[in-house]
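First comes the structure, then the notes that go with it.
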Amino acid sequence: VLPIGLSMGALIAILACIILLLVIVVLFVTLRRHKNEPLIIKDDEDVRENIIRYDDEGGGEEDTEAFDIATLQNPDGINGFLPRKDIKPDLQFMPRQGLAPVPNGVDVDEFINVRLHEADNDPTAPPYDSIQIYGYEGRGSAAGSLSSLESSTSDSDQNFDYLSDWGPRFKRLGELYSVGESDKE
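With UniProt numbering, letter number 170 in the sequence shown gets 170, and the count goes up by one each step, no holes.
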């Protein structure tokens, strides 16, 4: 028992509380001296200046008058006829300026045939292709049919002696094949 009338446990508890209060005061003072950075970044300090918001849909559909249609139009193509620059145009063919109205009772078959003839003889109309004739296999071909070829099951069925009769270019080939046959026997 201490002279004040306190037990040793009570004295330790009081000293612990005083020390805890001192630690809290010291922490509070040091945190007050430390300058807090603001959570909101000012625009002049923002380094993300190249980031743009892309959440607007359409991108300018509201403003349809902000462009000049004259710059988008092709002055050469106003009448609907653009001459080809890679071929010389046929002087017999002259493009029509628009479609004439079709009167009632006109033969549709004749109308379509006339338009088809004009389209077929138009040198400026795409596609610019040509018919290509390729070699073919089968009847009428000099090569015959390749499907008649079949692989033999044994090499002994084949005789390569005729290769040496084809001349000096094939003589060596004939010798190679004949050597292969003599090795097998």
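The beta-carbon is built from N, C-alpha and C at its ideal position, and this holds for glycine as well.
Please identify the residue among Gly9, Glu175, Lys35 and His117 whose C-alpha is closest to the C-alpha of Asn159. Sequence index remark: in the sequence shown, residue 159 carries index 159 (1-based). Of the candidates Gly9, Glu175, Lys35 and His117, Glu175 places its Cα closest to the Cα of Asn159.
Within a Cβ cutoff of 8 Å, which residues of the same chain sit near Ala125, ignoring the five residues on either side of it in sequence? The residue labelled residue 125 in the question sits at position 125 within the sequence shown. The residues are Ala119.
For the alpha helix (DSSP H) holding Ile112, just list the boundary residues, first then last. Taking the first residue of the sequence shown as position 1, residue 112 is located at position 112. For Ile112, the enclosing alpha helix (DSSP H) stretches over residues Val108 to Asp120.
Look at the alpha carbon of Asp107 and the alpha carbon of Pro123, and state the distance between them as a whole number of angstroms. For this step, residue 107 is matched to residue 107 along the sequence shown. For this step, residue 123 is matched to residue 123 along the sequence shown. Taking the Cα positions, Asp107 is about 27 Å away from Pro123.
So Leu163 is in the alpha helix (DSSP H); what residue range does that whole segment cover? For the purposes of this step, residue 163 is identified with residue 163 of the sequence shown, where counting begins at 1. Counted as a single uninterrupted DSSP element, the stretch harbouring Leu163 is not any alpha helix (DSSP H), since DSSP gives it neither H nor E.
Apart from the five residues just before and just after Phe170, which ones in its own chain have a Cβ nearer than 8 Å to its Cβ? Here the question's residue 170 lines up with position 170 in the sequence shown. The residues are Leu163 and Ser164.
Using C-beta distances below 7 Å, list every residue in its chain close to Leu173, excluding the 5 sequence neighbours before and after it, in chain order. Indexing the sequence shown from 1 puts residue 173 at position 173. In chain order, Leu163 place their CB closer than 7 Å to the CB of Leu173, counting only its own chain and leaving out the 5 sequence neighbours on each side.
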